[in-house]
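The next block holds one structure in the form of C-alpha cells; read it before the comments.
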Amino acid sequence: MTLDLKAYENGNRPTWCPGCGDYAVLKVIQRALLELGIAPEDVVLVSGIGCSGKISHYFGGYGVHTTHGRVLPVAQGIAAARPDIAVIAAGGDGDGYGIGVGHLVHAVRRNLPLTYVVMDNGVYGNTKGQTSPTSPTGYRSSTSPHGNADEPVHPLRLAWSAGATFIGQGFSGDIRHLVELLKQAVSHPGFALVNVFSPCVVFNKTHDYAFYRRSVFYQETPARSSAELIQLLETHPFPLGVLWRTDRPAAARLETGPADAVPSDCMRRWLRGTLG
Amino acid sequence: MVIAICGYTGQGVETAGAILSEVLRANGRRFRTWRDFSTIIRGGLTSFEAYVDEDTGGEAPARLHAVDVAVVWDRQAAERYRDRVRHVTGLYGAATVDGVPNANRDVLDPVGFNLWALGVVACKLGLSPEDVQAAAMAHFHQRVNLEPLHRGYAKAAGSTSSGPVQASDAPDTAILSGNDALCLGAIHGGVRIYCGYPITPASEILEYMAAWLPEVGGRAYQVEDEIAAIHMAIGASYAGMRTFVATSGPGIDLMTEGLGYAATIEVPLVVVDNQRGGPSTGMPTKTEQSDLRHLLYAGHWEFPRIVLAPTGVVDCLAVIQEALNLADLHQCPVLVALDLDLALRRISVPWETVNDALMRVPALRGRTVLPPASVHGYRRFAAEDGGLPWRTVPGVRGGGYVASGDEHDERGWMEPDFQSVRPTLHRRRLEKVHCVRYDRPLTPVGSPEAPVCLVGTGAMGELIHAAVAAHPDLYRGVLLRQLWPVPADGLLAAVAGAREVVVCEYNATGQLAHLLATTVPDGGCRTVRRYDGEHYTVEAFLAALEAAGETLHGRVRG
Numbered sequence: 001m002t003l004d005l006k007a008y009e010n011g012n013r014p015t016w017c018p019g020c021g022d023y024a025v026l027k028v029i030q031r032a033l034l035e036l037g038i039a040p041e042d043v044v045l046v047s048g049i050g051c052s053g054k055i056s057h058y059f060g061g062y063g064v065h066t067t068h069g070r071v072l073p074v075a076q077g078i079a080a081a082r083p084d085i086a087v088i089a090a091g092g093d094g095d096g097y098g099i100g101v102g103h104l105v106h107a108v109r110r111n112l113p114l115t116y117v118v119m120d121n122g123v124y125g126n127t128k129g130q131t132s133p134t135s136p137t138g139y140r141s142s143t144s145p146h147g148n149a150d151e152p153v154h155p156l157r158l159a160w161s162a163g164a165t166f167i168g169q170g171f172s173g174d175i176r177h178l179v180e181l182l183k184q185a186v187s188h189p190g191f192a193l194v195n196v197f198s199p200c201v202v203f204n205k206t207h208d209y210a211f212y213r214r215s216v217f218y219q220e221t222p223a224r225s226s227a228e229l230i231q232l233l234e235t236h237p238f239p240l241g242v243l244w245r246t247d248r249p250a251a252a253r254l255e256t257g258p259a260d261a262v263p264s265d266c267m268r269r270w271l272r273g274t275l276g
Numbered sequence: 001m002v003i004a005i006c007g008y009t010g011q012g013v014e015t016a017g018a019i020l021s022e023v024l025r026a027n028g029r030r031f032r033t034w035r036d037f038s039t040i041i042r043g044g045l046t047s048f049e050a051y052v053d054e055d056t057g058g059e060a061p062a063r064l065h066a067v068d069v070a071v072v073w074d075r076q077a078a079e080r081y082r083d084r085v086r087h088v089t090g091l092y093g094a095a096t097v098d099g100v101p102n103a104n105r106d107v108l109d110p111v112g113f114n115l116w117a118l119g120v121v122a123c124k125l126g127l128s129p130e131d132v133q134a135a136a137m138a139h140f141h142q143r144v145n146l147e148p149l150h151r152g153y154a155k156a157a158g159s160t161s162s163g164p165v166q167a168s169d170a171p172d173t174a175i176l177s178g179n180d181a182l183c184l185g186a187i188h189g190g191v192r193i194y195c196g197y198p199i200t201p202a203s204e205i206l207e208y209m210a211a212w213l214p215e216v217g218g219r220a221y222q223v224e225d226e227i228a229a230i231h232m233a234i235g236a237s238y239a240g241m242r243t244f245v246a247t248s249g250p251g252i253d254l255m256t257e258g259l260g261y262a263a264t265i266e267v268p269l270v271v272v273d274n275q276r277g278g279p280s281t282g283m284p285t286k287t288e289q290s291d292l293r294h295l296l297y298a299g300h301w302e303f304p305r306i307v308l309a310p311t312g313v314v315d316c317l318a319v320i321q322e323a324l325n326l327a328d329l330h331q332c333p334v335l336v337a338l339d340l341d342l343a344l345r346r347i348s349v350p351w352e353t354v355n356d357a358l359m360r361v362p363a364l365r366g367r368t369v370l371p372p373a374s375v376h377g378y379r380r381f382a383a384e385d386g387g388l389p390w391r392t393v394p395g396v397r398g399g400g401y402v403a404s405g406d407e408h409d410e411r412g413w414m415e416p417d418f419q420s421v422r423p424t425l426h427r428r429r430l431e432k433v434h435c436v437r438y439d440r441p442l443t444p445v446g447s448p449e450a451p452v453c454l455v456g457t458g459a460m461g462e463l464i465h466a467a468v469a470a471h472p473d474l475y476r477g478v479l480l481r482q483l484w485p486v487p488a489d490g491l492l493a494a495v496a497g498a499r500e501v502v503v504c505e506y507n508a509t510g511q512l513a514h515l516l517a518t519t520v521p522d523g524g525c526r527t528v529r530r531y532d533g534e535h536y537t538v539e540a541f542l543a544a545l546e547a548a549g550e551t552l553h554g555r556v557r558g
C-alpha cells in the first residue's frame with residue numbers, strides 16, 4: 001500500500017485558533033514521517049497539556065495525550081519498550097520547560113531514541129495568556145502585570161549542559177526548513193530536542209510571525225565545539241537548524257517483544273543461578 | 001533454635017547474617033530471618049535474627065520473643081536482648097558489656113565484631129567451621145581477616161553447646177525475601193521493563209530488576225522520581241510490555257498522579273506499595289500498614305481500581321502475577337499492598353515450592369491485541385458486548401487511537417458530548433471492577449468452629465497462623481488477599497458463626513477494620529493495632545489478642 005498524507009490524519013478537525021503556529025507543526029510531523037516512509041501505525045505521537053498538547057488528537061497513527069508535564073516519561077516508556085516503533089513527543093513551553101523541565105534534563109541524559117518537539121510560544125495560551133517559562137524578562141501578562149521578573153529558561157543551553165546529542169530549532173513560519181529538520185531529528189539514534197518557535201497570535205503580541213521573520217538566523221551546520229555553540233547562541237538569539245549533534249551511545253532498550261515469553265525451564269535454570 | 005546478632009549500623013551485622021544464611025542454605029537447614037535496622041546512618045542499632053529449624057520439617061514460625069543465643073556489641077544492644085534470652089548463658093558479647101557472663105565475653109574490635117558473632121552463632125548451630133570460613137572468604141572475595149571468626153567459634157565451643165547438628169539431606173532450597181519473590185514472580189509473569197526510584201524498603205526491587213532483567217532481554221531504568229517511574233511504566237504498558245512499579249508511602253504520594261491517567265486511558269498498571277511508617281518521611285526503616293486508605297482512595301474523581309495483598313513471602317510469587325493478569329483483564333490500575341516486614345524478611349524455601357508457586361499462575365492478557373495482528377473499523381473504547389473493549393498496541397494495523405486523559409469518546413477524541421459519554425463510557429469504566437473474578441480473594445485458617453475470627457493482611461498472616469496453631473479451639477483466621485473490591489461474600493462466609501471478629505493491623509486508626517465494618521455483621525469488630533514501628537513477636541501478639549478480648553477500647557463503629 002502506498003502511503004499518502006491522508007494516512008497520517010484521522011479526520012478529527014483541530015480547534016486551534018486561526019493563525020496558530022501549531023497547525024504548521026502538525027503538518028510538518030505528518031509530512032516528515034511520510035517522506036521518511038514510516039507507516040503511521042509504527043509511530044506514537046505523545047503530547048502534553050495545553051494548546052499544543054492537543055496535537056495527538058489529530059494524528060492518524062497512535063496518539064497519547066498525557067497529563068501536564070509528563071510527555072517525556074510516557075514517551076520514554078514507549079521508546080524503551082518498543083525499539084520497533086518511532087516515538088515523537090510534542091508539547092508546549094509551559095509543559096516542557098515549566099512543570100516538566102525536570103524530566104527534560106533526565107531524558108537528555110538517558111538518551112533514549114525519541115524526538116521531542118516543543119512548540120514554544122512564550123505564553124500559556126490554553127489558559128488565556130499567562131506568563132510562561134520562556135516569556136522574556138519584563139513581559140507583561142495577567143500573572144505578571146508589573147513585568148516578568150524572572151530570567152526565561154534557555155532550553156537549548158539547558159539541553160546542551162545535560163549532555164544532549166541532538167539540538168535543533170525551527171520556526172512554524174518556515175515549513176520546508178522544519179520538515180528537513182524534523183526528518184534529521186527522527187533519524188537521530190538518540191534523544192533529539194527540536195525547539196520550534198510557534199507563535200500564539202492571540203495572546204503573545206510581541207513574539208509574532210513578523211518578529212521571528214526579522215530575528216531568525218539560519219545556521220547551516222551544527223556547532224563543532226561547545227565553545228562554538230555558546231558563541232552562536234550569544235551572537236544569534238534565534239538560530240534555526242541542527243545546532244548540535246554528537247554521537248554519545250543511546251540508552252539500551254528491550255531486546256524482546258510483547259508477545260515473547262521465556263520458556264519456564266529457562267526461567268528455572270536462570271533463577272537457580274541467581275539465587276543459589 | 002533462635003539466634004540474634006545486634007550491633008550498630010555500619011558494623012556489618014547484615015553481612016554476618018547473609019553469610020550465615022548462605023551456610024544454612026547450603027546445609028539444607030530451614031530457617032527464616034528478620035532484619036531490624038535504624039534510620040540513623042551510622043550508630044543506630046541493627047539486629048539480625050534467625051529462626052533455625054532443627055528437624056527440617058514444618059514451616060518456619062513467626063518471630064518469637066524468646067531467643068536462645070544473642071550476641072551483642074554494647075550495652076544498648078544487651079538491653080534489647082537481656083529479657084529475651086531464655087537463659088543468661090545465651091548472652092555473648094564484647095568484654096566491655098556488663099551483664100554478659102564472664103565466660104561469654106571477649107576483647108573485641110568494632111570491625112571484627114560481626115565475624116566473631118558469626119563464629120559464636122555458627123558454632124551454636126552446629127555448623128562446621130570450614131563451611132563458614134569458606135562462605136566468608138567467598139563473600140569478601142578472599143580478602144578478610146578470619147581471626148575473629150575462629151575466636152568466636154572457640155568462645156562458643158568452650159561453653160555448653162548443643163553439639164553439632166547432623167546435616168540433613170540438603171533439599172534444594174532458595175533464600176527468598178518478599179522483595180525477591182515479587183521480582184521473580186514479575187519476571188515469570190512477563191515483566192521485561194522496570195522503572196524505579198530508590199526508596200526504603202523498595203530499593204531492592206530496583207536493584208534486583210537492574211541485575212536480572214538484562215539476562216532475559218529486559219531493561220531496568222533508574223529514573224529521576226516516582227512521577228517519572230509511573231509515567232514510564234504507563235508508556236511501556238500502553239505499548240504492550242508488561243511492567244510494574246514499586247515504591248513506599250512517599251513515592252505513592254507522587255505516583256498518585258499517574259493512577260487516574262492509567263485508569264482513564266484504560267491501560268493495565270500494577271503499583272506495589274512497600275508500606276513503611278508514615279506520614280511524610282515517617283519511619284523509613286520501620287514497618288506499618290497505614291497506606292491502605294490511600295491505596296483505596298488516592299486520586300481525584302472516581303475511577304476503578306483493584307487492591308491486593310500477599311499473605312506471606314511465597315505468596316508474593318503469585319500475587320504479583322495475579323496483579324499483572326487482573327490489570328490486563330480489567331484494563332485498570334491494580335495496587336499491591338506489601339509491608340516492610342514482609343518485603344525484607346528472608347526465608348529458606350525449597351525450590352520445588354518456588355517453582356510450584358510460579359507455575360500456578362498462567363499469564364492472561366485479556367483483550368490485548370498485539371502485532372502482527374490487524375483490526376478494522378476499530379474503536380478503542382467501544383464495548384458493544386457489555387464486556388471490556390479490545391486494546392491495540394502500536395504496530396497493530398488499523399488500531400490507531402488517542403489515549404487521552406481528557407474525557408473522550410469511543411475513538412479517544414476529547415471534547416465529546418459529555419451528556420452522552422458520562423452515562424455510557426464513564427459508567428462502563430467505573431463498573432468494570434464490580435465483577436472481579438479473583439481465584440483466592442482470601443485464605444481461611446483453622447477450624448470454622450472456633451469462636452474468635454482473626455482478620456489481617458500481609459505480615460499479619462504468619463502471626464494469625466501462629467495464634468490459630470497455639471489456640472485452635474479459640475481462634476480461626478482470615479487472611480485477606482483482595483482488599484478492594486471487598487470480597488463480601490467470601491468474607492461473610494469465612495466469619496460466619498464467629499462470636500467475635502478481631503481485625504489485626506499495623507496502624508493507629510484501624511484502617512482495615514473501617515473498610516470491613518460495613519461488611520462484617522453487627523457493623524463492627526474489635527481491633528488489634530500496633531504502630532510503634534516494631535513487629536509483633538508471637539508471644540506479644542497472643543498477649544495483644546487477649547487484651548483486645550477484655551476491653552471495648554478497640555471497638556470500631558460501622
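Quick note, the sequences are listed as chains A and B, same order. For the first sequence, the residue numbers in full-length UniProt numbering are 1 to 276. For the second sequence, the residue numbers in full-length UniProt numbering are 1 to 558. Glycine included, C-beta positions come from ideal geometry on N, C-alpha and C.
Between the alpha carbons of Leu292 of chain B and Leu338 of chain B lies a gap of roughly 10 Å. With a 10 Å radius around the Cβ and a threshold of 16 neighbouring Cβ atoms, Pro145 of chain A comes out exposed.
Here Val314 of chain B is near Val349 of chain B, since their CB atoms are less than 8 Å apart.
In this structure Phe418 of chain B is exposed. Its beta-carbon is surrounded by fewer than 16 other beta-carbon atoms within 10 angstroms. Between Ile78 of chain A and Lys155 of chain B, the alpha-carbon positions lie close to 59 Å from each other.
The secondary-structure analysis by DSSP pairs Ser47 of chain A across a beta bridge with A:His65, A:Ala90. Our two residues, Thr457 of chain B and Gly28 of chain B, have alpha carbons roughly 30 Å apart in a direct line. Close partners of Ser56 of chain A in chain B (Cβ separation under 8 Å): Val402, Ser404. Counting along the chain, Gly7 of chain B sits inside the beta strand (DSSP E) bounded by residues 2-8. Taking a Cβ-Cβ cut-off of 8 Å, the neighbours of Ile85 of chain A in chain B comprise Ala239, Pro394, Gly395, given in sequence order. Distance between Pro310 of chain B and Cys316 of chain B, taken at the CA atoms: about 6 Å. Taking 8 Å as the CB threshold, Ile78 of chain A lines the interface with chain B.
Here Ala210 of chain B is actually not in contact with Ile320 of chain B; their C-beta atoms are around 17 Å apart, not less than 8 Å.
Where Gly277 of chain B is concerned, the enclosing beta strand (DSSP E) starts and stops at 269-277.
For Gly235 of chain B, there is no enclosing beta strand (DSSP E); the residue is found in the alpha helix (DSSP H) stretching over 226-238. For Ile227 of chain B, the nearest beta carbon of chain A is closer than 8 Å to its own beta carbon. Residues of the region 228-255 of chain A with a C-beta less than 7 Å from any C-beta of chain B: Ala252, Arg253, Leu254, Glu255, listed in chain order. DSSP places Gln30 of chain A inside the alpha helix (DSSP H), whose first and last residues are 22-36.
Proximity to Ala250 of chain A across A:Val108, A:Ile29, A:Leu72, A:Thr15 peaks at A:Val108, based on C-alpha coordinates.
Residue contact check for Ala75 of chain A against chain B: a CB pair falls below 8 Å.
The region 415-434 of chain B makes no contact with the region 446-457 of chain B; the number of CB pairs closer than 8 Å stays below 3. Chain order gives the chain B residues near Arg82 of chain A as Ala236, Ala239, Gly240, Met241, Val393, Pro394, Gly395, where near means a beta carbon separation below 9 Å. Within the same chain, Pro40, Gly60 come within 7 Å of Ala7 of chain A by CB-CB distance, once the 5 residues on both sides are set aside.
For Leu24 of chain B, the nearest beta carbon of chain A is not closer than 8 Å to its own beta carbon. Taking Glu322 of chain B as reference, the option from B:Val271, B:Arg397, B:Leu491, B:Ile205 with the minimal CA-CA separation is B:Val271. Under a criterion of Cβ atoms nearer than 8 Å, no residue of chain B is adjacent to Ala159 of chain A; the nearest Cβ is some 15 Å distant. Counting along the chain, Val445 of chain B sits inside the beta strand (DSSP E) bounded by residues 442-445.
Excluding residues up to 5 positions away in sequence, Val108, Arg109, Asn111, Arg248 lie with their Cβ nearer than 8 Å to the Cβ of Gly163 of chain A in the same chain. Cα atoms of Ala192 of chain A and Gly170 of chain A: separation of roughly 13 Å, rounded to the nearest angstrom. Shown in chain order are the members of the region 182-193 of chain B whose Cβ falls below 9 Å from a Cβ of chain A: Leu184, Ile187, His188, Gly190, Arg192, Ile193.
Under the Cβ criterion of 8 Å, Val478 of chain B is not counted among the residues facing chain A. For the C-beta of Gly63 of chain A, the chain B residues within less than 8 Å are, from N- to C-terminus, Gly400, Tyr401, Val402, Ala403, Ser404, Gly412. Annotation: Asn114 of chain B to Leu492 of chain B spans about 50 Å, alpha carbon to alpha carbon. DSSP places Arg75 of chain B in the helix class (H, G or I) of the three-state scheme. At a cut-off of 8 Å, the C-beta of His207 of chain A has no neighbouring C-beta in chain B. For Tyr531 of chain B, the closest alpha carbon among the candidates B:Asp341, B:Ala50, B:Ser128 is that of B:Asp341.
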